[in-house]
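Data first, discussion second: the structure below is written as structure tokens.
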Amino acid sequence: MIYLDHNATTAPAPEVIAAMLPVFSSGWANSSSQHGPGQQAKRTLGAARATVARVLGCKPVEVIFTSGATEANHLAVRGLLAASAPERQRVVFGSVEHAGHLKLAHALREAGTVVDLIPVHPDGTLDLAAAAALIGPDVALVSLMAANNETGVLMPLAEVAALTQAAGVRLHVDATQFIGKLPFVFSSCGADAVSLSAHKINGPKGVGALLLRQGVPLQPQTLGSQERARRGGTENLPGIVGLAAALERLGDLSTEAQRIAHLRDTLEAGLRQALPDTHIWSHKVARLPGTSYVRFGQLSADVVLQRLDRLEVAASSGAACSSGGSQASHVLTAMAVPEEQALAAVRFSLGASTSMDDIQTLLNTLPPLLAPLLHEECATAP
Ligand code: PLP
1 MIYLDHNATT
11 APAPEVIAAM
21 LPVFSSGWAN
31 SSSQHGPGQQ
41 AKRTLGAARA
51 TVARVLGCKP
61 VEVIFTSGAT
71 EANHLAVRGL
81 LAASAPERQR
91 VVFGSVEHAG
101 HLKLAHALRE
111 AGTVVDLIPV
121 HPDGTLDLAA
131 AAALIGPDVA
141 LVSLMAANNE
151 TGVLMPLAEV
161 AALTQAAGVR
171 LHVDATQFIG
181 KLPFVFSSCG
191 ADAVSLSAHK
201 INGPKGVGAL
211 LLRQGVPLQP
221 QTLGSQERAR
231 RGGTENLPGI
241 VGLAAALERL
251 GDLSTEAQRI
261 AHLRDTLEAG
271 LRQALPDTHI
281 WSHKVARLPG
291 TSYVRFGQLS
301 ADVVLQRLDR
311 LEVAASSGAA
321 CSSGGSQASH
331 VLTAMAVPEE
341 QALAAVRFSL
351 GASTSMDDIQ
361 TLLNTLPPLL
371 APLLHEECAT
381 AP
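Going by the UniProt record's numbering, the residue at position 18 of the sequence shown is 18; the numbering climbs one at a time, nothing skipped.
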């Protein structure tokens, strides 16, 4: 199988599994227990926290372990909002946030909070002028992704951080797709809070973290004593150890990003050459190295994915979490893409496991399957 769906999830790395196994078999005690095994588990937890902090450029005390990015996003937004001054109760989200995160925006709205969405340009980049206009003295926080999971477009974090800092507004960044793909340092990123997830970086599913700048007030959303009372519930120690191992093995991201960008560019150039009706969204702007969001004429994504399936290539139509339905992606809709084109969107996301052989195999096998369909489409066009 050729796996080109790394933005959906990634395979746990052998080092990650090896680090987790002893925690299941022997180091399984509750890290809050007073007895010896509990204290051992507490040391394991502390060591994992120290590793996460070292790799991500923050202090151990700034790491709050969660069940993944969705929970970290919820904790950040609800927790920062609840801790804000009464005169600051408006929230600003990016309009192309992850589908799960936008559900939170809608839920807040339904409960009476004023929520504004920052629009994007047709190339998927953030409308900074609109962001500047929305960030005012009544805003509690801005919640913005670092990189879009569908297009891969990078958001202007430094510019938005300058706006939020000038206005005394908190900034939460969902860095789920960014961390592990490009170099990231919490202490200098300008955000008050940052979400991440282990399963996007060859770690286990169901674990992630919220990094919260020391001193920033946050109201917990699950009550308990763990994580300094900021997130109650017994910590998922095997998962946390897996997250730390996944971060530790990342290595030199700039070199890996260049390798993956070269594979992505080869894929895009080859598809365009073989199938001139190939359209690539956001290819002229700064994006993640391994994300390619394409359509082949107006061939429906379902048809393309069926052909890919025959070739044993795993890719995705839009975000994985919303695939299966035939609704146009909210990201492409926000980019003013007509519905019939949005329904043709296929996402290839390359990653650590992708080789030039994978790309060449795809380029040799996919165009011959799609070319006749595109000719048919051309012939039947009005
Ligand atoms: N945020 C972004 C940008 C994502 O891409 C995803 C996963 O697809 C999530 C949040 C949700 O992460 P998790 O599966 O850890 O809850």
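Idealized CB from N, CA, C, for every residue including glycine.
Item: Buried/exposed call for Thr354, threshold 16 Cβ in 10 Å; Value: buried
Item: Leu134 versus Ala147, Thr234, Glu227 and Val115, residue with shortest Cα-Cα distance; Value: Val115
Item: Simplified DSSP state of Asp265, which is helix, strand or coil; Value: helix
Item: Of the listed residues Thr365, Gln221 and Val185, nearest to Gly57 (C-alpha basis); Value: Val185
Item: Selected residue, minimal CA-CA separation from residue 383, among Ala129, Val153, His121 and Ala167; Value: Not covered by the structure: residue 383. The range shown for the chain is 1 to 382.
Item: Check: Ser197 C-beta below 7 Å from any heavy atom of the ligand PLP; Value: yes
Item: Asp357, DSSP secondary structure in three states; Value: helix
Item: Own chain residues within Cβ distance below 7 Å of Pro217, not counting five before or after; Value: Ala83
Item: Buried or exposed by the 16-neighbour rule on C-beta atoms within 10 Å, applied to Glu312; Value: exposed
Item: Ile2 - DSSP class collapsed to helix/strand/coil; Value: strand
Item: Check: Pro73 C-beta below 7 Å from any heavy atom of the ligand PLP; Value: According to the sequence displayed, residue 73 carries Asn and not Pro. Yes, the beta carbon of Asn73 sits closer than 7 Å to at least one heavy atom of the ligand PLP.
Item: Within 8 Å, strictly: CB atoms of Pro156 and Ala274; Value: no
Item: Reduced DSSP secondary structure (H/G/I, E/B, other) of Gly94; Value: strand
Item: Neighbourhood of Gln271 by C-beta, 6 Å cutoff - its chain only, sequence neighbours within 5 removed; Value: It is Leu, not Gln, that sits at residue 271 in the sequence shown. Hits under 6 Å: Thr278.
Item: Whole-number beta carbon distance between Thr44 and Leu237, since they are thought to touch under 8 Å; Value: 6 Å
Item: Span of the beta strand (DSSP E) around Ile118; Value: Val115 to Ile118
Item: Burial state of Pro22 (16 or more Cβ within 10 Å); Value: exposed
Item: Outcome for Asp252 when other beta-carbon atoms lying within 10 angstroms are tallied against a minimum of 16; Value: exposed
Item: Test item: CB-CB of Gly124 and Val153 under 8 Å; Value: yes
Item: His26 versus Met20: straight-line alpha-carbon distance, rounded; Value: Residue 26 is actually Ser in this sequence, not His. Distance between the alpha carbons of Ser26 and Met20 is about 10 Å.
Item: Beta strand (DSSP E) runs contained entirely in the segment 136-166, provided each spans 3 or more residues; Value: 139-145
Item: Selected residue, minimal CA-CA separation from Ala85, among Arg170, Gly94, Ala72 and Gly46; Value: Arg170
Item: Simplified DSSP assignment, three categories, for His375; Value: helix
Item: Distance cut-off 7 Å: Asp5 Cβ against heavy atoms of the ligand PLP; Value: no
Item: Residue from Gly38, Leu369, Asp358 and Thr66 whose Cα sits closest to the Cα of Pro204; Value: Thr66
Item: Pro289 versus Asp309, Pro372, Ile260 and Ser300, residue with shortest Cα-Cα distance; Value: Ile260
Item: Coil, strand or helix - Phe65 by DSSP; Value: strand
Item: Cβ neighbour criterion (16 or more within 10 Å) applied to Trp281; Value: buried
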